[in-house]
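Colleague: This is the structure I want to talk about, given as structure tokens.
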Amino acid sequence: MPTISFFQKDLEDLLGRTAPPEQLESWLPLVKGELKDVTQATGEIRVELQDSNRPDLWSVEGIARQIRIKLQEAPPAYPFLHTKTKPKRRILVAEGLEQVRPYVAACTATGYTVTEESLAQLIQAQEKLADLYGHKRKTVSIGLYRLPSIHFPVTYGLVKPTEARFTPLGFSEKLTLQEILTVHSKGMEYGSILANQPLLPLLWDTEGQILSFPPIINSQDIGQVHAGDSALLVEVTGTDMRMVLLTLNIFATNLADRGAVIDPIEVQYPYDTGWGKSIRTPCDISTVHKIPLKAIESALGLPIDAELVQQTLRAYGYEVKASRHTLAVRLPHYRSDLMHPVDVAEDVAISRGYDSFVPVMPAQFTVGSLSALEMTSDYIREHMIGQGFQEIFSNILLSHEELVERMRLPADEHVVEVDNVMSQSFSCLRSWIVPSLLRVETASPRAFYPHRLFEIGEVAIPDSSRELGSRTAIRLGIVIAHPHANFSEVHTCLDVLMFYLVKDYELEPLSHGSFLDGRAGTILSQGQPVGLIGELHPEVLEKWGISVPISVVELDVDWLCGDGS
Amino acid sequence: MQTTAVYDSLHPLEINLLAAFSQSADKPVSDSSLQELSQLEPSQVSMALGWLQAKQLVSIHSEIVTAWVGLTEVGHRYVADGSPPEWIIRTCKQGAGEGRSFTVKELQNLNAFPPTDLSRAFGLLKKEGAIALGAGGRIEPTETPSPTVEKLRALLHELKKNRQELLSFSPEQQTLLRQYAVKRGSAQEPFRVEERIHREYTLTETGKAVAERCHAGAVEEVSQLTSDMLKDGSWRNKRFRKYTITLRPPRVAPGRRHPYREFLDLVKHKLVGMGFQEMRGPLVETEFWNMDALFMPQFHPARAIHDVYFVKTPTHAETIAEPFLSQVAETHETGGATGSSGWGYRYDKERARRLILRSQGTAVSARTLASNPLIPGKYFSMARCFRYDQVDATHATDFFQIEGIVLGEEINFRTLLGLLTIFAKEMAQAQESKFFPAYFPFTEPSVELHVRHPKLGWMELGGAGLFRPEVTQPLGVTVPVIAWGLGLDRMAMVALGIHDIRELFSVDLEKVRTLRGRFA
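Sequence lines, in order, name chains B and R.
Under our numbering, the first sequence has 8 at position 8, and the numbering climbs by one with no breaks.
Under our numbering, the second sequence has 632 at position 67, and the numbering climbs by one with no breaks.
This is the structure in structure tokens:
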């Protein structure tokens, strides 16, 4: 989740009090924030915010707001949500956008002169919201403009890619939308959002000036805010109405917290939005939730006093009305993360402070145990160690080459492969243990011999009869490597192991690419194959770059765990 | 020096020799008899005598120089073929019989002996009258024998078998022997006189004490106790050589648990001790169990292609068990019967079947919730997980997550904190812990556990929370459930002295053999 940076001075201005880093750190639990670092010389502070459902906290304004509410024990009023006067300005949405990028919301912010620092914060919030909350601008993107240049009403419409031309940010000449998608860096980065659209979204004013090409790029002339500007237009477009409205609310509130006067804009749609066809934005999107006090009590493990919980929640920004058994709660307009009463329970706990809860030891009796597989594995591990073997513990993603080609298996040997490969070296789940142990052999010719290695671990066996197309099995792999390693030595190990596992077995000659012919066998138990034994084929050793003979065993532990004898 | 200390420093050869001295009952002993008594090689005897003298355990009792005389190669040839005077007389007599005579020069030309030997022989024979020189320098043998030649022949025959002490001969013979003995400048002589130094040794007072100790202890010193010694009791007469124990022993590679697995074993047994039952799940999972069942919406940013490994073939599981699929789908869309508003999007059942490599251990917990878990119940898993990450010092290709759940009527936020307090003590020996609000998509409230580790100081030990009802209820669980996860790798790495997570799964055998640490 996002890490944001800001200056201590800016935070202090927003809080209206001093906030040295150690003081800030004591407040950060309120915002699920973690202090990443502080640059003493400049006062720059970096904080990571954890909660992906709280985009309102991804800015210094949001962090300051949550702390301020706690300090004042009550939420501030935001008059722009309740103004009765009809907005002066309108945005008109054209037909067809419901198929492309249906929603837009906007407001103006005046009376606050943007500084270098507040501009940097605005842009940071814009980027974090569009990138993380807006899925890289796909569901939400944000535009900021210089208000005085714009003549309302503004139209949010669709145009042909070659029809409209304007000068995008960072350019000095006019480009068509088509050209922006192909030559502008933002066009190339975000163009896929509009892939296969015959018509593209565009914002223009009543004089025909183009504001921006959402969600790609703003106009160089109107869509670039500078320090010193004191009248802004904020606009949000997207594919999810609630998210668009919430994002605008967050932005409007951030600007209001800095002293701007927010004036709503009326957006008129030709289609329904779920919020009606004509919407004044910003608007209060939250609804009242009735929550039984008992739900909070049982979640927190405490008797809850209605009055007290009302105060606690108000000190966290909620609007609350408490009755004897029920709380009627309403989130502030910049939040939209109340899905279940447990969400309120957590906010009660955060507002009170986690440290104020006295831990209670769980008292109900339960029986601890290991799975039969784990116990069998541990028994075998102990036995192999007794036989003088070094246990190996491997990463289990290997390359196809290691699992198949180097083992001289047929090229069509099926293993579980990764589709979105990061590195060929880690592209397959191992299907047996021996290749993992050969990785060790290849890397360790200088470790003194003999090498007696084993590993017990998970492998994935392709199996079309299974629901998941494969099954996870536990295998034992044994490798003996030294200048005189042979079949007989590893056979003895197997034989002793089987004796103490009280398992009968027999060997059946096996012809297998990995092994020298006539020196390999299938390990059979009651006629069922349960493993392999043999001397590795010299070509296998060559492919692995190993220059000592190696004899191996691979054994199915799931079978050993069962009651087959 | 103390007797004992001297005794302890003795080499087996020295002990052997001291024993030989003891056998001769304190009488002076020659090196040859020491050799006989000790059964050692002459070089060993002289080496050990040198050491014992240096330690002042043995001193030289007497030193007698004796001269011995024997034949040289030349001497043996004289015995076989005659000496130069004999040859001269024989040759001249034979020539006379055939009517020939020789001059000195002519005899020399026969090259039987070196000219100097012949000259000396002529001088001797002429002086003793055995030959006379006739006209023209021709040699004429007389009938008078040469006494010297006779004496030399007798000596040659006497010495042809054994060398003898020079003093055993008469003074006249001694003079002759020395005259015809090898000397510097005349190598071609029949006799050789050698001087031999005969020493006799005796023990010093300290030597006697030490020898007594040797005798009192084990007569023979050995390095290895054998079965035979035990069977016949002969070990009683042996002295076992003391070793230089300060040297490093030879290295071996023992059978051994993998150090990281050893750590996980400890964690596993602690959890069992706390009443947790182990649960397991598949490496290849569906998005359903890995994420949907955990109420992570299908549009959640962490579900993108850059976080999870997708399986190539088959791409999808055949089915997802009902009623879980429908109940989870409904919960995502509308909240279903859980009292939640849900995420309010259209749930994609096709996507739920998409196969991935398990990305979080909580998938195992989800499967357990759907399998009629015990109530009250405690479960844990050590699940191998996979993330689409660039491998570096803090990211392995695959790694273990230690996770679990606790189900029961008594479960709430405070019992959650209680459980975490136990974890802090049991897993990190921490007496102090702190709880911070945290965010996980599937728990509410959520907690991050920080503990003060006795060595590492304040550190994050894990994350936990109460499963959202949107997780538990669609899977058929109606009691509250704690979900917890512990991050213990850092503790393991510090104990093992490593700084790179990849080394937990090192392929370097030398590293694996030498990695060590005490975790408990």
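Idealized CB from N, CA, C, for every residue including glycine.
Everything numeric in this text was worked out from a predicted model, so none of it was measured.
Going by C-alpha distance, which of B:Ser-431, B:Leu-397, B:Ser-423, B:Phe-426 is nearest Glu-413 of chain B?
Modeller: Ranking the options by Cα distance to Glu-413 of chain B, first place goes to B:Ser-431.
Colleague: What do you get for Glu-34 of chain B, buried or exposed, if any count of 16 or more other CB atoms within 10 angstroms of its CB means buried?
Modeller: It counts as buried.
Colleague: Does the CB of Ser-470 of chain B have a neighbour CB from chain R at under 8 Å?
Modeller: Yes, its Cβ sits closer than 8 Å to a Cβ of chain R.
Colleague: Going by alpha carbons, who is nearest to Ser-946 of chain R out of B:Glu-374, B:Leu-331, B:Met-384?
Modeller: For Ser-946 of chain R, the nearest C-alpha among the options comes from B:Glu-374.
Colleague: Taking just the CA atoms, how far does Gln-789 of chain R sit from Ser-799 of chain R?
Modeller: C-alpha separation (whole angstroms): 13 Å.
Colleague: For Gln-729 of chain R, which of R:Gly-907, R:Glu-760, R:Gly-1030, R:Ala-1003 has the nearest alpha-carbon?
Modeller: Among R:Gly-907, R:Glu-760, R:Gly-1030, R:Ala-1003, the Cα nearest to that of Gln-729 of chain R belongs to R:Glu-760.
Colleague: Please state whether DSSP places Tyr-766 of chain R in a helix, a strand or coil.
Modeller: If DSSP states are grouped into helix, strand and coil, Tyr-766 of chain R belongs with the strands.
Colleague: Are Asp-205 of chain B and Val-154 of chain B close, meaning C-beta to C-beta below 8 Å?
Modeller: Yes, these two residues count as a Cβ contact at 8 Å.
Colleague: Going by DSSP, what residue range makes up the beta strand (DSSP E) through Trp-633 of chain R?
Modeller: That run of the beta strand (DSSP E) goes 623-636.
Colleague: Does Tyr-910 of chain R pass the burial test, meaning 16 or more other C-beta atoms within 10 Å, or should it be called exposed?
Modeller: Exposed, because fewer than 16 other Cβ atoms sit within 10 Å of the Cβ of Tyr-910 of chain R.
Colleague: If you count every other CB in all the chains shown that lies within 10 Å of the CB of Met-407 of chain B, and 16 or more means buried, which is it?
Modeller: With 16 or more Cβ atoms within 10 Å of its Cβ, Met-407 of chain B is classed as buried.
Colleague: Within the 8 Å Cβ cut-off, does Ser-488 of chain B reach chain R?
Modeller: No, its Cβ sits nowhere closer than 8 Å to a Cβ of chain R.
Colleague: Taking the alpha carbon of Val-1046 of chain R as the reference point, which residue from R:Met-992, R:Pro-938, R:Leu-1053 has its own alpha carbon closest?
Modeller: Of the candidates R:Met-992, R:Pro-938, R:Leu-1053, the one whose C-alpha sits nearest the C-alpha of Val-1046 of chain R is R:Pro-938.
Colleague: Hey, out of B:Leu-211, B:Val-31, B:Asp-10, whose CA is closest to Val-1012 of chain R's CA?
Modeller: Out of B:Leu-211, B:Val-31, B:Asp-10, B:Val-31 has the C-alpha closest to the C-alpha of Val-1012 of chain R.
Colleague: Roughly how many angstroms lie between the CA atoms of Val-404 of chain B and Arg-439 of chain B, to the nearest whole one?
Modeller: About 13 Å.
Colleague: List the residues of chain R that Ser-369 of chain B touches, going by C-beta distances under 7 Å, in chain order.
Modeller: Here the neighbours are Val-837, Gln-842, Glu-843.
Colleague: Under three-state DSSP, which class holds Ala-746 of chain R?
Modeller: In this structure, Ala-746 of chain R counts as strand in the three-state DSSP scheme.
Colleague: Just the chain R side, please: which residues come within less than 7 Å of Tyr-354 of chain B by C-beta, in chain order?
Modeller: Within chain R, the residues near Tyr-354 of chain B are Phe-1000, Phe-1001, Pro-1002, Val-1012.
Colleague: Give me the chain B residues within the contact set of Asp-957 of chain R, using Cβ-Cβ distance strictly less than 9 Å, ordered along the chain.
Modeller: Residues of chain B passing the Cβ test: none, with the nearest at roughly 12 Å.
Colleague: If we cut at 8 Å on Cβ distances, does Leu-199 of chain B have a partner in chain R?
Modeller: No - not a single Cβ of chain R is within 8 Å of the one on Leu-199 of chain B.
Colleague: Span of the beta strand (DSSP E) holding Tyr-156 of chain B?
Modeller: Here the beta strand (DSSP E) through Tyr-156 of chain B covers 154-159.
Colleague: Rounded to whole angstroms, what's the CA-CA distance from Glu-579 of chain R to Leu-795 of chain R? Just pull it up for me.
Modeller: Their Cα atoms are separated by approximately 25 Å.
Colleague: Could you give the C-beta distance for Thr-115 of chain B and Ala-227 of chain B, rounded to a whole number, given that I count them as a contact under 8 Å?
Modeller: Correct: roughly 6 Å between the Cβ atoms.
Colleague: By DSSP's criteria, Gln-390 of chain B is part of a beta bridge. Which residues make up the other side?
Modeller: According to DSSP, Gln-390 of chain B bridges with B:Leu-453, R:Arg-821.
Colleague: Report yes or no: is there a C-beta of chain B within less than 8 Å of the C-beta of Glu-1009 of chain R?
Modeller: Yes, Glu-1009 of chain R counts as interfacial toward chain B.
Colleague: Return the bridge partner residues of Ile-523 of chain B from the DSSP annotation.
Modeller: According to DSSP, which records beta bridges pairwise, Ile-523 of chain B is partnered with B:Leu-507, B:Gly-531.
Colleague: On the CB-based measure, 16 or more other CB atoms within 10 Å of its CB, does Thr-1114 of chain R come out buried or exposed?
Modeller: For residue 1114 of chain R there is no data in the structure shown, the boundaries of chain R being 566 and 1085.
Colleague: In whole angstroms, give me the CA-to-CA distance for Ser-589 of chain R and Ile-762 of chain R.
Modeller: If you take the alpha carbons of Ser-589 of chain R and Ile-762 of chain R, they lie about 21 Å apart.
Colleague: I need the DSSP call for Ala-783 of chain R, collapsed to helix, strand or coil.
Modeller: Per-residue confidence for Ala-783 of chain R stands at a pLDDT of 47, beneath the threshold of 50, marking its modelled position as unreliable; the derived number appears in the next sentence. Here Ala-783 of chain R sits in coil by DSSP.
Colleague: My output table needs one value for Trp-1086 of chain R: the three-state DSSP class, helix, strand or coil.
Modeller: The question about residue 1086 of chain R has no answer here: the residues shown for chain R are numbered 566 through 1085.
Colleague: Using C-beta distances below 7 Å, list every residue in its chain close to Gln-220 of chain B, excluding the 5 sequence neighbours before and after it, in chain order.
Modeller: If we look at Gln-220 of chain B and ignore the five residues flanking it on each side, its Cβ neighbours are Thr-167, Pro-168, Leu-169, Phe-171.
Colleague: Is the shortest distance between the beta-carbon of Ala-783 of chain R and the beta-carbons of chain B less than 8 Å?
Modeller: Model confidence at Ala-783 of chain R stands at a pLDDT of 47, short of 50, so the residue's coordinates are unreliable; what they give is reported in the following sentence. So no, Ala-783 of chain R is outside the interface.
Colleague: Could you check where the beta strand (DSSP E) with Leu-147 of chain B kicks off and where it finishes?
Modeller: Premise fails: Leu-147 of chain B is in no beta strand (DSSP E) and is neither H nor E.
Colleague: Kindly identify the DSSP beta-bridge partner or partners of Val-893 of chain R.
Modeller: Paired residue(s): none; Val-893 of chain R is not in a bridge.
Colleague: Mark Ser-565 of chain B as exposed unless 16 or more other C-beta atoms lie within 10 angstroms of its C-beta, in which case mark it buried.
Modeller: Annotation note: pLDDT 40 at Ser-565 of chain B (below 50); position unreliable, coordinate value reported separately. Counting Cβ neighbours within 10 Å, Ser-565 of chain B comes out exposed, since fewer than 16 surround it.
Colleague: May I have a chain-ordered list of the alpha helix (DSSP H) segments no shorter than 4 residues that lie completely inside the stretch 251-317 of chain B?
Modeller: Listed in chain order, the complete alpha helix (DSSP H) runs (minimum 4 residues) inside the stretch 251-317 of chain B are 293-300, 306-314.
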